[in-house]
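Protein sequence lines, in the order shown, are assigned to chains A and B.
Here the first sequence stands for residues 0 to 580, numbered as in numbering that gives the first Met the number 0.
Here the second sequence stands for residues 0 to 90, numbered as in numbering that gives the first Met the number 0.
Everything below concerns the one structure shown next.
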Amino acid sequence: MRHQKLSPGLLLAFEDVQREGDEASIAHKRSLGIVLPKTSTKPTRIVVFVYCDEDTDLSHLSEFGIEFNQSQGSVRTAYLPINALERLSEEPAIHRVKPSRKLEMRMDTASEKVYLPQFKQKHPELTGKGVIIGVVDSGIDPQHPAFKGRILQIWDQTLPGPGVAEGAYGAELKGDLLKISQDNNGHGTHVAGIAASDHGEFCGVAPEAQLVIVKTDMQDAHIADAVRYIFSVADHMGCPAVVNLSLGGHADAHDGSDSLSQIINAQTGPGRIVCCAAGNEGNDNIHAQAVVKSKNNHTMRFQVPPHQAGIVWLNGWYDGDSELEIALRSPNGFVTPFQAVNSKGNPAKQYKLFDSRIEIVTPGPDPANGDHNFFVQIRGQGWGRFSGPVTGGVWQLRVRNTACKDVRLDVWTLDDTGGSVFFTGKSVSDAVKIGSPAAAKSSVTVASYTSKVKYIDIDGEEREMGLELDTISEFSSEGPLRNNEQKPDVAAPGAMIISALSSQANFNRSMVHNSEFLALAGTSMAAPFISGLIALLLQRNPNLDPASIKEILKNHSSIPEQAAGSFDRKWGFGLINTENL
Amino acid sequence: MNYQKIDAALAMAINQVENPYQRLFIIFIHTQPILESTAENFLIDLGIRKTTEAETVFTATVSAHTISELSDQNWVKHLKLSQRLRFVNQG
C-alpha cells in the first residue's frame with residue numbers, strides 16, 4: 000500500500016474497513032462516495048477520483064474489480080471495491096487517489112435560511128433588472144462570468160487618471176477598458192457576487208441588476224465621492240440604485256455625525272439607498288466606556304502586543320459640557336502630564352517618554368456634534384517618521400474630570416496592524432462598536448448570521464469554521480450608537496458564504512471552493528445580501544426611501560425566541576425572512 | 000490657523016508635517032449653506048465644483064498651508080481629516 004497516494008479521508012476509511020470490516024464504512028458513507036452492497040456477499044465499493052499519467056492504460060486493473068469511466072486523461076473517475084484501494088495505490092502511473100464527495104445543496108444554504116427560494120418562486124419577475132447596484136470596494140474581476148455584460152462602468156480610484164466629476168483622480172473605465180482594472184484583493188468580487196452573480200450554482204440575490212463599481216483607495220473622503228458618483232450615474236440612467244459599503248472604521252464619533260455619514264444622509268432618498276456592513280469587532284475589545292465621576296480620576300487599561308504595532312491610536316468622545324484632562328502611562332511606568340482641553344490655540348502636544356513618543360490632542364467641542372473628541376497617538380522610540388514598535392504590555396489611559404458633573408467617556412482603539420490592541424479590565428464595553436459609515440442614520444446596517452460552517456475546498460477537503468451555526472455570528476459588531484440610536488438594522492447570512500472568486504487574487508487553497516468560487520465570512524458578506532434584496536424591492540417600487548426600506552426589513556425580521564419587533568444590539572431587528580416580502 | 004475649526008485627528012496630523020506646502024491631507028470641508036463667489040472660486044482653485052446647490056460638504060487633497068487658509072475663512076464651518084477604512088471580512 001502506498002499510503003501517501005491516498006488522501007487522508009480516504010486512507011482513514013480504508014483503515015477503518017481493514018480493522019473493523021464493511022460495517023466501518025457506514026460512518027464514512029455520509030461524506031464519501033461509498034456504495035454499500037445490497038447483499039453481504041458483495042463488497043463495499045467506493046467511487047474515487049484518480050490522478051494519473053495522461054495517456055496511461057489502466058485497463059489491466061479491471062481484474063481487481065477496478066472499473067475506470069475514462070480510458071485517458073490525467074484525472075479519471077473509478078468505481079472499485081474498497082479493499083482494491085491497496086492495489087490501485089501500487090500502480091506506478093497513479094499519483095493520487097481522492098474520494099468522491101457526497102454533496103449537499105450548500106450553495107443555497109444562505110438563501111434557504113432566509114426563505115429566498117420561496118420569495119423568488121412567488122416573484123420570478125424580481126431579478127434586479129433595471130436597478131443599479133453600486134459596489135465601493137476592492138474592485139471587481141471584470142471577466143468573471145458571474146457579471147458578464149452587466150458591469151456598466153468602473154471608477155478605479157487607484158489608477159492614475161483625470162478622474163470623474165465627483166473626484167479628479169483615478170480612471171473611469173467602460174466597455175473593453177473594464178479589464179484594465181483588477182481586483183487583486185478579491186473582496187469586491189466576492190461581495191458583488193453575493194449581490195448580483197448570475198452564474199453557476201452560486202447565484203446572487205439580484206442576478207439581473209447592473210453594476211457600477213468603484214475600486215476605492217479606502218479613504219473615507221473618496222468613499223464619499225464614490226457614493227456621489229454612483230448615484231450620479233443612476234440619475235443619468237434614470238434608475239434606482241443601492242450602494243453597498245462592506246467597509247468601516249473606528250476613528251469617528253460612532254454617532255453618525257462624521258462627514259461620510261453626513262454625505263450618505265444627504266445623498267440618500269427615494270430610490271437612493273446605501274447599505275453598510277456593521278463591522279466585525281464582536282469578539283474584539285476595541286471599545287471602553289466609563290462614567291468618570293465629578294472631580295475624580297479614572298483609568299482605562301489597554302494591551303499592546305509586543306513587537307507588532309507601529310502606531311496605536313485612541314479615539315475618545317464625551318459630552319461637550321464637561322472637560323477631561325488626559326494622560327498616558329506606558330507599561331514601563333513612564334507617564335505624560337495631564338493635558339487639559341485647549342479651545343483656542345493648538346490643542347496638540349508631543350511627549351517624549353523614555354520608551355515611547357506620544358501625541359495628545361485635546362481640542363474644544365467638535366463642531367459636528369458639540370461633543371469633545373480627544374486623540375492619542377503612541378509610537379515607539381525613534382525620531383521623525385522612523386520609530387520602533389510600540390512598547391508591548393499594559394498601557395493606561397488616565398482621565399481626570401475637573402467638572403462639577405459626572406461624564407460618560409467612550410474610547411476606541413485603532414492601530415496599524417488591523418486590530419491587535421484591545422482594552423482590558425473593567426472599562427471594556429461589549430457595545431457601541433458600529434462606526435462609520437454603518438453609523439449613518441439613513442444607511443441600512445447589516446449584522447452577520449452564520450448560516451453555514453462547513454464547505455468543501457478545491458482539493459476536496461471538508462473545511463469547518465469554528466462558528467456556532469444558525470445564530471448571529473459572534474464576530475458581528477454590536478450597537479447601539481454612542482447616542483443610543485438603534486443599530487444594526489437587520490441580520491443576513493454572512494458566514495460561510497461562497498461567492499465569486501477574482502482570478503486576479505491569491506487566496507489560500509483552503510478558502511477556495513473551485514476555480515470560480517470562494518468561501519469568506521464577515522458582515523462584508525451579509526451587507527451585499529441585503530443590497531441585493533433592496534435591489535429587488537427597488538425593482539418593484541423604485542421610489543422606496545431609506546426609512547421605507549428599513550421599515551419593510553424590520554417588519555420581515557425576527558430574533559429567535561423573542562417577541563416580534565424586538566431589537567437586540569447584535570441582531571438588530573433580527574434575521575431577515577424574505578418569504579412574504 | 001483657527002484650531003476651533005479643525006478636528007482632533009487633523010490637528011495631530013498637521014503638527015507632524017515637515018513641508019506645509021505639500022498636498023498631504025485628504026479632508027472634508029464643511030461650509031455654510033450659501034457661498035459667495037469668492038468662496039466658490041476658492042473651492043474651484045482646489046479642484047472642487049459644486050454639483051448641486053444644496054451641497055455643503057466637499058472633499059479635497061490639500062496642504063497644511065491651505066488648511067490654515069481654509070480655517071480662517073468665515074464660510075468654512077469645519078475641516079475633518081479623512082480616515083482610512085478597512086474591509087469587514089474575517090481573516
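For every residue, glycine included, the Cβ atom is placed at its ideal position computed from N, Cα and C.
Residue-chain proximity (residue i, chain A), Cβ-Cβ < 9 Å
i, result
"residue 63(B)", "no"
"residue 52(B)", "no"
"residue 85(B)", "yes"
"residue 22(B)", "no"
"residue 18(B)", "no"
"residue 81(B)", "yes"
Within chain B, partners of residue i - CB distance below 7 Å
i, result
"residue 367(A)", "77"
"residue 246(A)", "84, 85, 86 and 87"
"residue 360(A)", "7, 10 and 11"
"residue 262(A)", "56"
"residue 250(A)", "8 and 82"
"residue 557(A)", "None at all; the shortest Cβ gap to chain B is about 24 Å."
Residue of the options minimising C-alpha distance to residue i
i, options, result
"residue 303(A)", "395(A), 325(A) and 6(A)", "395(A)"
"residue 439(A)", "397(A), 252(A) and 86(A)", "252(A)"
"residue 224(A)", "265(A), 207(A), 288(A) and 249(A)", "265(A)"
"residue 533(A)", "502(A), 577(A) and 323(A)", "577(A)"
"residue 340(A)", "209(A), 401(A) and 52(A)", "401(A)"
"residue 555(A)", "360(A), 525(A), 476(A) and 575(A)", "575(A)"
"residue 58(A)", "46(A), 47(A) and 77(A)", "77(A)"
"residue 329(A)", "391(A), 289(A) and 312(A)", "391(A)"
"residue 493(A)", "245(A), 200(A) and 269(A)", "245(A)"
"residue 524(A)", "406(A), 434(A) and 278(A)", "278(A)"
"residue 528(A)", "130(A), 68(A), 62(A) and 191(A)", "191(A)"
Residue i in three-state terms, based on DSSP
i, result
"residue 559(A)", "coil"
"residue 17(B)", "coil"
"residue 13(A)", "helix"
"residue 66(A)", "strand"
"residue 272(A)", "strand"
"residue 81(B)", "coil"
"residue 350(A)", "strand"
"residue 47(B)", "coil"
"residue 214(A)", "strand"
"residue 42(B)", "helix"
"residue 89(B)", "coil"
"residue 73(B)", "coil"
"residue 94(A)", "strand"
"residue 60(B)", "strand"
"residue 31(B)", "coil"
"residue 82(A)", "helix"
"residue 53(B)", "coil"
"residue 44(A)", "strand"
"residue 3(A)", "helix"
"residue 61(A)", "helix"
"residue 543(A)", "coil"
"residue 3(B)", "helix"
Within chain A, partners of residue i - CB distance below 8 Å
i, result
"residue 25(B)", "218, 220 and 221"
"residue 58(B)", "166, 220, 221, 223 and 224"
Short CB-CB distance (under 9 Å) between residue i and chain B
i, result
"residue 152(A)", "no"
"residue 470(A)", "no"
"residue 191(A)", "no"
"residue 530(A)", "no"
"residue 494(A)", "yes"
"residue 570(A)", "no"
"residue 278(A)", "yes"
"residue 184(A)", "yes"
"residue 474(A)", "yes"
"residue 227(A)", "yes"
"residue 265(A)", "yes"
Under 9 Å from the C-beta of residue i: neighbouring residues of chain B
i, result
"residue 374(A)", "6, 7, 8, 10 and 11"
"residue 595(A)", "With chain A covering 0 to 580 only, the question about residue 595(A) has no answer from this structure."
Contacts that residue i makes with chain A (C-beta to C-beta distance below 7 Å)
i, result
"residue 3(B)", "342 and 363"
Partner residues on chain A for residue i, Cβ-Cβ distance less than 9 Å
i, result
"residue 14(B)", "345, 347, 348, 349, 358 and 360"
Beta-carbon neighbours of residue i, restricted to chain B and to distances below 8 Å
i, result
"residue 417(A)", "85"
"residue 524(A)", "88"
Open item on the list: Could you tell me which whole beta strand (DSSP E) segments of length 3 or greater appear in the stretch 396-440 of chain A?
Closed with: 406-414 and 421-423
Open item on the list: Quick check for students: name the residue ranges of the beta strand (DSSP E) that lie wholly in the stretch 117-203 of chain A, counting only runs of 3 or more.
Closed with: 131-136, 150-155 and 170-172
Task: Runs of alpha helix (DSSP H) lying entirely within the stretch 438-512 of chain A, each at least 4 residues, in chain order - done: none
- [ ] Note down, one range per segment and in chain order, each beta strand (DSSP E) of at least 3 residues found wholly within the stretch 310-343 of chain A.
- [x] 310-317 and 323-328
- [ ] Just list the beta strand (DSSP E) runs in the stretch 217-285 of chain A, keeping only unbroken ones of 3 residues or longer that don't cross its boundaries, in chain order.
- [x] 240-244 and 271-276
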